[in-house]
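S.K.: Below you'll find the structure I mean.
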Amino acid sequence: MRGFGPLRRSGPGHHRDGAAPRWTGLHPPGQGGPDLRFVRAVALLTDFGLEDSYAGVLHAVLLRDAPGVQRIDLSHMVPPGNLWHASYLLRSAWEHLPADVVVLAVVDPGVGSERRAVAVRLGDRWLVAPDNGLPVAVGPPSEGVTLDAVRMGLPEPSATFHGRDLFAPAAARLARGVPSGDLGEPLDPGTLVSCPLPEPRVEGNRVQGVIQHVDRFGNLVTNIPAAMATAGCQLRAGWRRITHRVRTYAEGRSGEAVCLVGSSGFLEISVPGGSAAEQLTLETGDPVELLPPDTAL
Amino acid sequence: MRGFGPLRRSGPGHHRDGAAPRWTGLHPPGQGGPDLRFVRAVALLTDFGLEDSYAGVLHAVLLRDAPGVQRIDLSHMVPPGNLWHASYLLRSAWEHLPADVVVLAVVDPGVGSERRAVAVRLGDRWLVAPDNGLPVAVGPPSEGVTLDAVRMGLPEPSATFHGRDLFAPAAARLARGVPSGDLGEPLDPGTLVSCPLPEPRVEGNRVQGVIQHVDRFGNLVTNIPAAMATAGCQLRAGWRRITHRVRTYAEGRSGEAVCLVGSSGFLEISVPGGSAAEQLTLETGDPVELLPPDTAL
Amino acid sequence: MRGFGPLRRSGPGHHRDGAAPRWTGLHPPGQGGPDLRFVRAVALLTDFGLEDSYAGVLHAVLLRDAPGVQRIDLSHMVPPGNLWHASYLLRSAWEHLPADVVVLAVVDPGVGSERRAVAVRLGDRWLVAPDNGLPVAVGPPSEGVTLDAVRMGLPEPSATFHGRDLFAPAAARLARGVPSGDLGEPLDPGTLVSCPLPEPRVEGNRVQGVIQHVDRFGNLVTNIPAAMATAGCQLRAGWRRITHRVRTYAEGRSGEAVCLVGSSGFLEISVPGGSAAEQLTLETGDPVELLPPDTAL
């Protein structure tokens, strides 16, 4: 196992929340290993699938470099290279993650290119990812670093699997409380590549949006926040006008397309007992339009 | 992170097995967090799939509300809304789970309707689920409560994702040793909705059953317990009569449909080196019949 | 829960690395349970899929028999009975696993036959698997035992699910530091069944190999180690000659088949932005040939 350098405690600059200092070495005197109560949880999000051992190897590296770390799989089934899908999953899970979680997000079609590998901070959470839009998917980071294998004491990363050789070791170090300055040079968050997820546009009394996600149940999640919808408003999607607004899936008639506020706070089109995606033949990226209540057909 | 109220230890009424009292607060004096040795494991079973982050968010909530909790994924690939499939998985896994496990089973087509959200106790295990048959899938509970978000100090649950907002927080509390009375009002187990899995019927010297599960290997698991099968008995399934009874998959000839006792104790039809489901074109719900040894064709 | 026999510490013969003795009983006096800092991690590899609860049940047994154990899923999506696929995943993940990991590899088409169930040691890692090639997939073990349910104090295993009834309990015991001699009789590693993965053959100035794995991204991983490739060499695969050698996926032109060194150290054929498997219509087992630089078409 690789050494971690001398035992030390992270400085106060890192833990602004005043939490207890975290143990950052591997074998404190008189103990067999780290106490997981002082190791942050790591949440994983990748496009590695589950038929290879790529995702398992990330877990192995996390456990090797941060023994005792708690790990959460957000998903490894992001379609290959699909940053939009990954950004949506990150955004919808974010607020439910532990307050001091480290997120390891590896959807990395540009691995080996000049794209930066970064770790950014939002509140007390860290997000470790390639600089391809993921680092800003949930909001503007307050600070960040460009990951540096040499500074982390890592062997030279392979050319094709930075998830294993750079991102996971960085996430493990942050989970153990290693100060971010030990991972690489600080970066200006303003220079990060922007997120591919489109924001809705207000045009007069209408809102132009898109289907930003289709879930397993065939629900069509738009990118229009619930707050934009007024009583009686209508939703145009493809050739259909959805006027029946419900509060729960169970309220709709079976087979009828309805509109409701989904669990992530966006307007969503659903077909109780069926698949809205199939019935409306719509998919991610298709436009939707929010119309005022009195709009004629 | 949400507060849990004052530190306390669960009362003796809850831990009838005489186990050490469990720590139920978040930060006991002088410690960084909970000691996982006193937190029960949670086993998850859902129809959320793995392409969304729904299952990952359940894990996140468990970790947020029960830091250090050990988590087991039974499956998240239950076909959407399929209570039969979920009940079978629960039943076949049950006896192998830790003796004090908390099972979080969320297959919830009726989310947002009037169906109750409950936690029920069987032995020293707890099962947290919607009241749609899952709570009684493995046998009659000895006690239970109707989950109450207000009593648990939770924000009002969303209309569409009670797994995240109600069931997982309840499971986390039970894992931490919070007394069930703090989760909601006691319920009468006799009022719980019955399980959809059909029981076999004895008719004279025959047994009428069904295929209750088809596994990944194409094995057809009937709902007829091994104890009902006498030496030399035959199994009729679709247009086929299976007379070759074997003890292991390896005993059958490759490509030949055989009958054996599966790992959950039910009679099972298998094709060594192939898929019984494909060869016999049978699926879940199809009838099977156990015939006495001397039955003519 | 099954008892583990008297509390004891493993002997020095087992822990040659001089690590602290591991706790091997269930409830040491005055403590609520085991301290996970002294339990080895277990990595799982199976062909059980994720639609059944088979993989979840392995996790449950591990947690029941080795409370607090850290678990890593390498993959459960090995195609049914595919030892080649499983061997490759094991081989490519191996060096990244924790130095004292216990690997539980259950791809077991011969369950119930006379094939042995074994645990073998490589370095300080243990590998628990059926004797069908998996135990030697990553190299020659230094020692091993034939698993014996009676000696482990287990009930008689079912005829069809040794993963649950024999392999997982054995892995849990090794994770807890139980000496291997308590699991069964020592075996001669030379008698283990050989691994199905073919080695490349050198013929004159050419190397004959095969596609040993196709990953989720359609990359074709050969079994030819990078060290065998000289500057300017060519790779013949099917009807194609690949002459463009790159260092990273991002270096190739989109849609162009290129050759590079993959993350496991083997030559790999990749199509940036596409699937090499689809474009070249090649699959696992197809032959590839490494040609010297000056080979004419």
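Residue numbers (our numbering), protein chains in the order written: chain F, 604 to 900; chain C, 604 to 900; chain P, 604 to 900. By construction, the Cβ of each residue, glycine as well, lies at the ideal position given by its N, Cα and C atoms.
Give me the Cα-Cα distance between Glu759/F and Leu769/F, rounded to the nearest whole angstrom.
M.R.: For the purposes of this step, residue 759/F is taken as the residue at position 156 of the first sequence. For the purposes of this step, residue 769/F is taken as the residue at position 166 of the first sequence. About 9 Å.
S.K.: Given that Ser656/P touches chain C, what residues does it touch there, using C-beta distances under 7 Å?
M.R.: On the third sequence, position 53 is the one that residue 656/P refers to. Neighbours of Ser656/P on chain C, chain order: Leu677, Ser678, Leu692, Ser695 and Ala696.
S.K.: Give the straight-line distance between the Cα atoms of Ser797/F and Val739/F, rounded to the nearest whole angstrom.
M.R.: Stepping through the first sequence from its first residue, residue 797/F is reached at position 194. Stepping through the first sequence from its first residue, residue 739/F is reached at position 136. One C-alpha to the other measures close to 7 Å.
S.K.: Can you give the beta carbon distance from Leu777/P to Ala722/P, rounded, assuming they're within the 8 Å contact cut?
M.R.: Counted from its first residue, the third sequence places residue 777/P at position 174. Counted from its first residue, the third sequence places residue 722/P at position 119. Contact flag correct, Cβ pair sits at about 6 Å.
S.K.: Assuming contact is defined by CB atoms lying nearer than 8 Å, are Gly877/F and Ile814/F in contact in what I supplied?
M.R.: Counting from 1 along the first sequence, the entry for residue 877/F is found at position 274. Counting from 1 along the first sequence, the entry for residue 814/F is found at position 211. Result no, Cβ atoms of Gly877/F and Ile814/F do not sit closer than 8 Å.
S.K.: Does the distance from the CB of Tyr691/F to the CB of Leu823/F come in under 8 Å?
M.R.: Taking the first sequence and counting its residues from 1, one reaches residue 691/F at position 88. Taking the first sequence and counting its residues from 1, one reaches residue 823/F at position 220. Contact: no.
S.K.: Please list, in chain order, the chain F residues whose beta carbon lies closer than 7 Å to that of Asp818/P.
M.R.: Within the third sequence, residue 818/P is the residue found at index 215, counting from 1. What Asp818/P touches in chain F: Asp655.
S.K.: If you draw a straight line from the C-alpha of Pro683/P to the C-alpha of Met680/C, how long is it?
M.R.: Reading the third sequence from its first residue, position 80 is the one you call residue 683/P. Reading the second sequence from its first residue, position 77 is the one you call residue 680/C. Between Pro683/P and Met680/C, the C-alpha separation is close to 17 Å.
S.K.: Check whether the Cβ atoms of Thr833/C and Leu870/C lie closer than 8 Å to each other.
M.R.: Within the second sequence, residue 833/C is the residue found at index 230, counting from 1. Within the second sequence, residue 870/C is the residue found at index 267, counting from 1. Cβ atoms of Thr833/C and Leu870/C: not closer than 8 Å.
S.K.: Ordered along the chain, which non-local residues of its own chain (more than five positions away) have a Cβ less than 7 Å from that of Leu725/C?
M.R.: Numbered from its first residue, the second sequence carries residue 725/C at position 122. So the qualifying residues of the chain are Val741, Gly742, Pro744 and Ser745.
S.K.: Tell me the DSSP secondary structure of Val731/F in three-state form.
M.R.: Taking the first residue of the first sequence as 1, we reach residue 731/F at position 128. Val731/F falls in the strand class under three-state DSSP.
S.K.: CB-CB under 8 Å to Ala853/F, same chain, minus the five flanking residues each way: which ones, in chain order?
M.R.: On the first sequence, residue 853/F is found 250 positions in, with the first residue counted as 1. Counting only Cβ-Cβ distances below 8 Å, and skipping sequence neighbours, we find Pro875.
S.K.: For Pro683/F, return the contacting residues in chain P, with the cut-off set at a CB-CB distance below 7 Å.
M.R.: Position 80 of the first sequence, counting from 1, holds the residue named residue 683/F. Under the 7 Å cutoff, chain P gives Arg819 and Phe820.
S.K.: Rounded to the nearest angstrom, how far is the Cβ of Gln837/P from that of Thr851/P, given a contact under 8 Å?
M.R.: Taking the first residue of the third sequence as position 1, residue 837/P is located at position 234. Taking the first residue of the third sequence as position 1, residue 851/P is located at position 248. That pair is no contact at about 20 Å.
S.K.: Ala912/F to Asp676/F, Cα distance in whole Å?
M.R.: Absent from the structure is residue 912/F, since the part of chain F shown begins at 604 and ends at 900.
S.K.: Within the chosen definition, does the stretch 695-704 of chain P reach the stretch 661-677 of chain F through at least 3 CB pairs nearer than 8 Å?
M.R.: Segments in contact, yes.
S.K.: Measuring only between beta-carbons, confirm whether Arg850/C sits less than 8 Å from chain P.
M.R.: One-based indexing of the second sequence puts residue 850/C at position 247. Interface residue, yes.
S.K.: By DSSP's criteria, Phe770/F is part of a beta bridge. Which residues make up the other side?
M.R.: Counted from its first residue, the first sequence places residue 770/F at position 167. Looking at the DSSP assignment, Phe770/F forms no beta bridge with any residue, so it has no partner.
S.K.: Using a Cβ cut-off of 7 Å, pull out every chain P residue sitting near Leu700/C, in sequence order please.
M.R.: For the purposes of this step, residue 700/C is taken as residue 97 along the second sequence, with counting starting at 1. Chain P residues near Leu700/C: Ala663.
S.K.: Rounded to whole angstroms, what is the Cα-Cα separation between Pro895/P and Ala762/P?
M.R.: Against the third sequence, residue 895/P aligns to sequence position 292. Against the third sequence, residue 762/P aligns to sequence position 159. Near 52 Å, if we compare the C-alpha coordinates of Ala762/P and Pro895/P.
S.K.: Residues of chain F with CB closer than 7 Å to the CB of Gly865/P, please, in chain order.
M.R.: Reading the third sequence from its first residue, position 262 is the one you call residue 865/P. Per Cβ cutoff of 7 Å: Thr763.
S.K.: For Asn808/C, which residues of its own chain have a beta-carbon under 6 Å away from its beta-carbon, when the five flanking residues on both sides are left out?
M.R.: Numbered from 1 along the second sequence, position 205 holds the residue referred to as residue 808/C. Answer for Asn808/C: Pro895, listed in chain order.
S.K.: With H, G and I counted as helix, E and B as strand and the rest as coil, what does DSSP make of Thr898/F?
M.R.: For this step, residue 898/F is matched to residue 295 along the first sequence. Reduced to three states, the DSSP call for Thr898/F is coil.
S.K.: Using three-state DSSP, classify Arg694/P as helix, strand or coil.
M.R.: As a working note, residue 694/P is residue 91 in the third sequence. Arg694/P falls in the helix class under three-state DSSP.
S.K.: Taking only the alpha-carbon atoms, compute the straight-line gap between Val709/P and Glu654/P and give it to the nearest angstrom.
M.R.: The count along the third sequence starts at 1 and reaches residue 709/P at position 106. The count along the third sequence starts at 1 and reaches residue 654/P at position 51. Going from the Cα of Val709/P to the Cα of Glu654/P covers about 17 Å.
S.K.: So is Glu788/F buried or exposed if we call it buried at 16+ other beta carbons inside 10 Å?
M.R.: The count along the first sequence starts at 1 and reaches residue 788/F at position 185. Classification for Glu788/F: exposed.
S.K.: Measuring alpha carbon to alpha carbon, tell me which residue in Leu661/C, Tyr657/C and Ser656/C is nearest Ala646/C.
M.R.: Residue numbering aside, residue 646/C sits at position 43 when the second sequence is read from its first letter. Checking every option, the nearest Cα to that of Ala646/C belongs to Leu661/C.
S.K.: Contact defined as beta carbons within less than 8 Å: I believe Arg839/F pairs with Val891/F. What is the distance between those atoms, to the nearest angstrom?
M.R.: Numbered from its first residue, the first sequence carries residue 839/F at position 236. Numbered from its first residue, the first sequence carries residue 891/F at position 288. The Cβ separation is near 7 Å, so the contact holds.
S.K.: Can you tell me whether Pro666/F is helix, strand or coil according to DSSP?
M.R.: The residue labelled residue 666/F in the question sits at position 63 within the first sequence. The displayed chain sequence assigns Leu, not Pro, to residue 666/F. Helix.
S.K.: I'd like the ranges of any beta strand (DSSP E) spanning at least 3 consecutive residues and lying wholly in the stretch 820-891 of chain C.
M.R.: Taking only runs of at least 3 residues, the beta strand (DSSP E) segments lying wholly in the stretch 820-891 of chain C are 823-828, 837-840, 843-845, 861-864 and 869-873.
S.K.: Measuring CA to CA, which of Arg843/P, Met831/P and Gly784/P is closest to Met755/P?
M.R.: Locating residue 755/P in the third sequence gives position 152, where the first residue counts as 1. Among Arg843/P, Met831/P and Gly784/P, the Cα nearest to that of Met755/P belongs to Gly784/P.
S.K.: Run down chain F in chain order and give the residues with a C-beta less than 8 Å from the C-beta of Phe651/C.
M.R.: Stepping through the second sequence from its first residue, residue 651/C is reached at position 48. Correct list: Arg819.
S.K.: Between Val706/P and Val672/P, is the Cβ-Cβ spacing less than 8 Å?
M.R.: In the third sequence, counting from the first residue as 1, residue 706/P sits at position 103. In the third sequence, counting from the first residue as 1, residue 672/P sits at position 69. Not a contact, by the Cβ cut-off of 8 Å.
S.K.: Just tell me which of Ser873/F, Leu795/F and Gly652/F has its CA closest to the CA of Val817/F.
M.R.: For the purposes of this step, residue 817/F is taken as residue 214 along the first sequence, with counting starting at 1. Ranking Ser873/F, Leu795/F and Gly652/F by Cα distance to Val817/F puts Ser873/F first.
S.K.: Can you list, in chain order, the residues of its chain with a C-beta nearer than 7 Å to that of Pro828/C? Leave out the 5 residues immediately preceding and following it.
M.R.: Sequence index remark: in the second sequence, residue 828/C carries index 225 (1-based). Excluding positions up to five away in sequence, the list reads Gly868 and Phe869.
S.K.: Val660/F touches chain P at which residues, Cβ-Cβ below 7 Å?
M.R.: Translated into positions along the first sequence, residue 660/F becomes position 57. Ala696 and His699, listed in chain order.
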